[in-house]
Amino acid sequence: MRVSSRFTGPLFVFPALFVLALLVFYPLVYTVVLSVTDPAGNYIGLENFRTMLDQRLTGVTLRNTFVYVGFSIVFQIILGTAVGLLLNAPFWGRSALRAMIVVPWVIPGIVAATTWAWMFHTEFGIINYMAQGAGVIDQPIGWLTNPNTVMPALVTVNVWKMFPFVAIMVLAGLQAIPKDVYEAARIDGAKLHHEIIFVTLPYLKPVLSSLSLLLAIWGLNAITIIYAMTGGGPANRSIILPIQIFRQAFQFFQFNQAAALSVMFLGITGVLMVLYVTVFAEKE
717 MRVSSRFTGP LFVFPALFVL ALLVFYPLVY TVVLSVTDPA GNYIGLENFR TMLDQRLTGV
777 TLRNTFVYVG FSIVFQIILG TAVGLLLNAP FWGRSALRAM IVVPWVIPGI VAATTWAWMF
837 HTEFGIINYM AQGAGVIDQP IGWLTNPNTV MPALVTVNVW KMFPFVAIMV LAGLQAIPKD
897 VYEAARIDGA KLHHEIIFVT LPYLKPVLSS LSLLLAIWGL NAITIIYAMT GGGPANRSII
957 LPIQIFRQAF QFFQFNQAAA LSVMFLGITG VLMVLYVTVF AEKE
């Protein structure tokens, strides 16, 4: 039996759509249903949302999430752009350095988190050992147990993990900038910092804006580093939204409330995407 050509395309696409619906749309719809029902399946409207918003922990979690993601993105972009500019410059051993720079990014998250947790260890960590040896500190610092240092330590690990990705993307963007533009700038008397500010960064704006969106989405969904290093402690000073959702569902078994929190989380991510499209995306 011969199939009409008008149905050939949809038939080939159907298996992918079926898998997508099974893995994405069904869980999404089921999560929304859970968020507006109780454990018995009765419709209760927005009660689960009110319960989660009334919890003081939710406010703390939202603040920690924005601090963690915001500072991570800023330093990832700054450090990644600087390293990308360095890797684009001609020097001996550049190819080897380009290969080595991606090591932090390709290391599994759990391996990186465990290694850094030992490095930040109060008694046996090499960071305290080197800082004391250099006379920077007088006594060991509990980087992951002190409420004032735990978030900067986690941001440092996240920046170290992701800045190579930014550097490689920036390097790719730099390769696309015409050489004639730099030559024209030098003829006009531009110095190195003028080239970076008025030539390089404007050309890299689309790359950096796209990277910011990707880093924001990945950062909002990141759970490995924080959960492996601190579990959200001490005293919930490093708990972020994905960890609270995980706790609510699989530690307290409040699946309906966890679903409500997940829907709110989806809304936050959606708002960020809308802001990106309206503010940063280039208009035709």
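In our numbering, the protein residues as written are 717 to 1000.
Where a beta carbon is used, it is the ideal one built from N, C-alpha and C, also for glycine.
Whole runs of the alpha helix (DSSP H) within the region 745–808, excluding any shorter than 4 residues: 763–770, 772–804
Beta-carbon proximity of Gly-800 to Ala-906, cut-off 8 Å: no
Simplified DSSP state of Asp-904, which is helix, strand or coil: coil
Residues near Met-717 by beta carbon distance below 8 Å, same chain, minus five either side: Unreliable placement is indicated for Met-717, whose pLDDT of 48 sits below 50; the coordinate value is still reported in the next sentence. Nothing meets the Cβ criterion.
Distance between beta carbons of Ile-793 and Leu-991, contact taken as under 8 Å: Not really, about 17 Å apart at Cβ, beyond 8 Å.
Integer-rounded CB distance, given that Leu-870 should sit under 8 Å from Ile-941: 6 Å
Nearest-angstrom Cα separation, counted from Val-749 out to Ile-714: No answer is possible for residue 714: it lies beyond the span of the chain, which begins at 717 and ends at 1000.
Alpha-carbon spacing of Leu-920 relative to Pro-868, whole angstroms: 28 Å
Proximity below 8 Å, CB of Gly-851 to CB of Thr-838: no
Pairwise C-alpha distance: Val-915 and Trp-834: 43 Å
Close Cβ partners of Gln-960 (< 6 Å) along its chain, the five nearest in sequence each way excluded: Thr-777
Sufficient close CB pairs (3 or more, under 8 Å) joining the region 759–769 to the region 967–983: yes
Val-886, buried or exposed, once every other Cβ within 10 Å from all chains shown has been counted against 16: buried
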